[in-house]
Amino acid sequence: MTKTAHLTRMVQPEHECPFGLRARHMLEQAGYDIEEVILKTRAEVDAYEAELGVDTTPQMSIDGKHIGGSHALEQYLAEHAD
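Each residue of the sequence shown is one higher than the last, beginning at 1 in the working numbering.
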């Protein structure tokens, strides 16, 4: 069965969010196929955070369920390890 995660993270010319990289790595290590959305400007990040009602990126969803940021993902993966 394919496991799919949706990851939205920030990658700007002057900065690539280390928490987004960490989240991507955790998902890859856990065997997820990743649908990734890259936010390329501060305005895109701000609009995304406002729309979702969150204060940070990255944000992840697994099987349509919003998980949260990288720390929440780490906890989720620990609780749902195969």
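Just so it is clear, CB atoms sit at the ideal spot from N, CA and C, and this is done for glycine as well.
Nearest to residue i (by Cα), restricted to the options the options
i	options	result
residue 3	49, 48, 43 and 35	35
residue 21	32, 31, 13 and 7	7
residue 33	25, 40 and 51	25
residue 59	80, 43, 29 and 17	17
residue 71	9, 19, 13 and 1	19
residue 83	68, 64 and 62	Here the chain has residues from 1 to 82 only, and residue 83 is not among them.
Under the three-state DSSP convention, the category residue i falls into
i	result
residue 1	coil
residue 20	helix
residue 36	strand
residue 15	strand
residue 80	coil
Assigned exposure category for residue i - 16 Cβ within 10 Å defines buried
i	result
residue 77	buried
residue 5	buried
residue 52	exposed
residue 23	buried
Close Cβ partners of residue i (< 6 Å) along its chain, the five nearest in sequence each way excluded
i	result
residue 38	11
Anticipated Cβ contact below 8 Å, residue i with residue j, distance rounded
i	j	result
residue 57	residue 49	7 Å
Cutoff 7 Å; reference residue i; Cβ partners in own chain excluding five residues on either side
i	result
residue 1	none
heavy atom of the ligand GDP below 7 Å from residue i C-beta
i	result
residue 34	The ligand GDP is not part of this structure, which contains no ligands at all.
Close-in-space but distant-in-sequence residues of the same chain around residue i (CB under 8 Å, 5 per side omitted)
i	result
residue 74	26
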